[in-house]
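Q:
Residue numbers (my numbering): 7 to 338.
1) Per DSSP, which residues does residue 70 bridge with? Please list them.
2) Please classify residue 128: does DSSP put it in a helix, a strand, or coil?
3) So the beta strand (DSSP E) residue 260 belongs to, where does it begin and stop?
4) Based on Cα-Cα distance, which residue from 182, 246, 238, 32 lies nearest to residue 268?
5) Do you know how far the Cα of residue 327 is from the Cα of residue 191?
6) Between which two residues does the beta strand (DSSP E) containing residue 48 stretch?
7) Distance, Cα to Cα, residue 215 vs residue 208?
8) Going along the chain, which residues of its own chain have a beta-carbon closer than 6 angstroms to the beta-carbon of residue 276, five neighbours each way excluded?
9) Over what stretch of residues does the beta strand (DSSP E) that includes residue 287 continue unbroken?
10) When DSSP builds the beta bridges, which residues end up paired with residue 302?
11) With a threshold of 6 angstroms on Cβ separation, who are the neighbours of residue 251 within its own chain once the five nearest residues in sequence on each side are excluded?
12) Just to check my reading of the structure: residue 138 and residue 101 have Cβ atoms closer than 8 angstroms, yes? What is that Cβ distance to the nearest angstrom?
13) Mind the definition here: the region 123-136 touches the region 291-298 only if three or more C-beta pairs lie below 8 angstroms; say whether that holds.
14) Who are residue 237's beta bridge partners in DSSP?
15) Identify the continuous alpha helix (DSSP H) that holds residue 173 and give its terminal residues.
16) Would you check if the region 109-119 and the region 141-149 touch, i.e. whether three or more CB-CB distances between them fall below 8 angstroms?
17) Is the separation between the beta-carbon of residue 163 and that of residue 235 shorter than 8 angstroms?
18) When the Cα atoms are used, what is the spatial distance from residue 99 to residue 85?
19) For residue 56, report the span of its beta strand (DSSP E) as first-last.
20) Would you identify the three-state DSSP class for residue 341, choosing helix, strand or coil?
21) Does DSSP classify residue 226 as helix, strand or coil?
22) Please determine, among 274, 59, 43, the residue with the shortest C-alpha to C-alpha distance to residue 50.
23) With a CB to CB cut of under 6 angstroms and the five nearest residues on each side skipped, what residues in its chain are close to residue 272?
24) Within its chain, find whatever has a CB closer than 6 angstroms to the CB of residue 23; leave out the 5 residues flanking it on each side and keep chain order.
25) If residue 228 sits next to residue 261, beta carbons under 8 angstroms apart, how far is it from one beta carbon to the other, in whole angstroms?
26) Count the other CB atoms, across all protein chains shown, that sit within 10 Å of the CB of residue 109; report buried if there are 16 or more and exposed otherwise.
27) Does the Cβ of residue 8 have 16 or more other Cβ atoms within 10 Å, making it buried, or fewer, making it exposed?
28) Alpha carbon to alpha carbon, how far is residue 233 from residue 331?
29) Below 8 angstroms between beta carbons: does that hold for residue 83 and residue 128?
30) Going by beta carbon distance, what residues of the same chain come within less than 7 angstroms of residue 221, once the five residues before and after it are set aside?
31) Please classify residue 36: is it buried, with 16 or more other beta-carbons within 10 angstroms of its beta-carbon, or exposed?
32) In the DSSP assignment, what residue or residues form a beta bridge with residue 140?
Put into structure tokens, the structure is as follows:
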């Protein structure tokens with residue numbers, strides 16, 4: 007993908023910076039749009055404080071800072087805040103933050119009394135810091151986009167993940183499964199991309215750490231069941247869901263999620279589960295020690311790179327929501 011400057015915004019150069027949590031993805035994005043990563047130095051004092059310096063002039067430039075707010079979440083977010091502050095004080099023309107994974111997005115509402123809405127707090131921090139735009143991927147809840155008073159481009163990983171099933175000829179006898187009632191809309195969109203029916207695991211447990219489903223709504227017997235979620239964290243829910251789908255007669259069970267959070271023993275849980283494949287993106291780095299035989303990782307570099315260039319060239323991003331395999335489906 008070549009950078010097209012013919013309709014670009016007026017002003018300085020476009021520059022990409024990356025921080026520590028997902029340099030491999032940032033390097034792929036840079037290669038996809040043929041723009042090198044600009045240099046910066048990130049260091050840590052003995053007490054854990056973060057220091058960042060920008061190693062070239064950014065005066066008047068259009069900046070994209072790439073960082074997944076993933077483990078270690080708090081340090082990752084502080085890196086973003088400090089980098090943006092450094093860029094603003096260096097007279098950057100426009101500061102765009104690219105968050106392939108938006109940490110704290112699960113805290114999008116007050117589920118109980120006296121709880122914070124941390125996703126909104128993160129939005130406030132970014133705006134106070136001087137961010138002009140946010141580009142992100144598969145927010146846990148769409149309403150997080152509305153927490154901002156600046157433009158937010160919210161990309162979807164579903165078309166890329168669905169492509170896996172087209173490429174590997176896995177479309178016959180498929181049923182897409184929501185792991186709980188909250189995931190029905192996401193499952194329905196994915197089912198439309200695969201032209202498949204949906205089923206729902208009737209999970210009525212109020213304890214997210216003990217997700218014991220009661221039954222399956224819909225037919226899965228003899229079918230290739232595809233569990234769809236936005237992220238896999240501890241993997242307990244995915245493992246339990248795979249068990250109940252197999253008990254209900256599913257021939258094979260696949261797990262699909264954009265964000266491979268993989269906390270704690272998640273990789274071991276998934277590797278020992280009844281899942282035939284676990285398909286995720288590289289929005290979060292999966293270190294070697296958390297990789298396992300069933301894992302398939304699909305890169306979002308081209309998607310995010312094209313979004314960056316469309317923003318730069320003042321072009322709409324809605325075409326990025328269309329599946330090339332099933333262009334009639336409108337996800338947005």
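Quick reminder that beta carbons are idealized off the backbone N, C-alpha and C, glycines included.
A: The short version:
1) Counting from one through the chain shown, the residue named residue 70 turns up at place 64. According to DSSP, residue 70 bridges with 22, 102.
2) To locate residue 128, count along the chain shown from 1; it is residue 122. Here residue 128 sits in helix by DSSP.
3) Here residue 260 is taken as the residue at index 254 of the chain shown, counted from 1. Residue 260 -> beta strand (DSSP E) spans 258-266.
4) Here residue 268 corresponds to residue number 262 of the chain shown, with the count starting at 1. When only C-alpha atoms are compared, the closest one is 238.
5) On the chain shown, residue 191 is found 185 positions in, with the first residue counted as 1. On the chain shown, residue 327 is found 321 positions in, with the first residue counted as 1. Distance between the alpha carbons of residue 191 and residue 327: 16 angstroms.
6) Against the chain shown, residue 48 aligns to sequence position 42. First-last of the beta strand (DSSP E) with residue 48: 46-50.
7) Against the chain shown, residue 215 aligns to sequence position 209. Against the chain shown, residue 208 aligns to sequence position 202. Confidence is the limiting factor: at residue 215 the pLDDT is only 46, short of 50, which leaves the residue's position unreliable, though a coordinate-based value still follows. Rounded to the nearest angstrom, the two C-alpha atoms are 16 angstroms apart.
8) Position 270 of the chain shown, counted from the start, is the residue given in the question as residue 276. Here the set comprises 241, 284.
9) Looking up residue 287 in the chain shown gives position 281. 283-287 is the span of the beta strand (DSSP E), which, as asked, contains residue 287.
10) The sequence position of residue 302 within the chain shown is 296, counting from 1. Looking at the DSSP assignment, residue 302 forms a beta bridge with 285.
11) Here residue 251 corresponds to residue number 245 of the chain shown, with the count starting at 1. The answer, listed in chain order, is 226, 231, 259.
12) Position 132 of the chain shown, counting from 1, holds the residue named residue 138. Position 95 of the chain shown, counting from 1, holds the residue named residue 101. Yes, residue 138 and residue 101 are in contact; Cβ-Cβ is about 5 angstroms, under 8 angstroms.
13) no
14) Taking the first residue of the chain shown as position 1, residue 237 is located at position 231. Paired residue(s): 265.
15) Here residue 173 corresponds to residue number 167 of the chain shown, with the count starting at 1. Where residue 173 is concerned, the enclosing alpha helix (DSSP H) stretches over 164-173.
16) yes
17) Along the chain shown, one-based indexing puts residue 163 at 157. Along the chain shown, one-based indexing puts residue 235 at 229. Contact: no.
18) Stepping through the chain shown from its first residue, residue 99 is reached at position 93. Stepping through the chain shown from its first residue, residue 85 is reached at position 79. C-alpha separation (whole angstroms): 20 angstroms.
19) Walking along the chain shown from the start, residue 56 turns up at place 50. Unbroken beta strand (DSSP E) run through residue 56: 56-60.
20) Because the chain is modelled from 7 through 338, residue 341 falls outside the range shown and cannot be assessed.
21) Within the chain shown, numbered from 1, the residue matching residue 226 stands at position 220. Three-state DSSP puts residue 226 in coil, outside helix and strand.
22) Position 44 of the chain shown, counting from 1, holds the residue named residue 50. Residue 59 is the option with its Cα nearest to residue 50.
23) Reading the chain shown from its first residue, position 266 is the one you call residue 272. Within the same chain, residue 272 has close Cβ partners 240, 241.
24) As a first step, residue 23 is located in the chain shown; it is residue number 17 there, counting from the start. Around residue 23: 44, 46, 71.
25) In the chain shown, the residue the question calls residue 228 occupies position 222. In the chain shown, the residue the question calls residue 261 occupies position 255. Their Cβ separation, rounded to whole angstroms, is 19 angstroms, which puts residue 228 and residue 261 out of contact at 8 angstroms.
26) In the chain shown, residue 109 corresponds to position 103, counting from 1. The residue is buried, with at least 16 neighbouring Cβ atoms inside 10 Å.
27) Translated into the one-based positions of the chain shown, residue 8 becomes position 2. Model confidence at residue 8 stands at a pLDDT of 46, short of 50, so the residue's coordinates are unreliable; what they give is reported in the following sentence. With fewer than 16 Cβ atoms within 10 Å of its Cβ, residue 8 is classed as exposed.
28) Within the chain shown, residue 233 is the residue found at index 227, counting from 1. Within the chain shown, residue 331 is the residue found at index 325, counting from 1. Cα-Cα distance, rounded: 20 angstroms.
29) Along the chain shown, read from residue 1 onward, the residue named residue 83 stands at position 77. Along the chain shown, read from residue 1 onward, the residue named residue 128 stands at position 122. The answer is yes: Cβ separation under 8 angstroms.
30) Indexing the chain shown from 1 puts residue 221 at position 215. Taken in chain order, the residues that qualify are 208.
31) The residue labelled residue 36 in the question sits at position 30 within the chain shown. It counts as buried.
32) Taking the chain shown and counting its residues from 1, the one referred to as residue 140 is at position 134. Paired residues: 103, 158.
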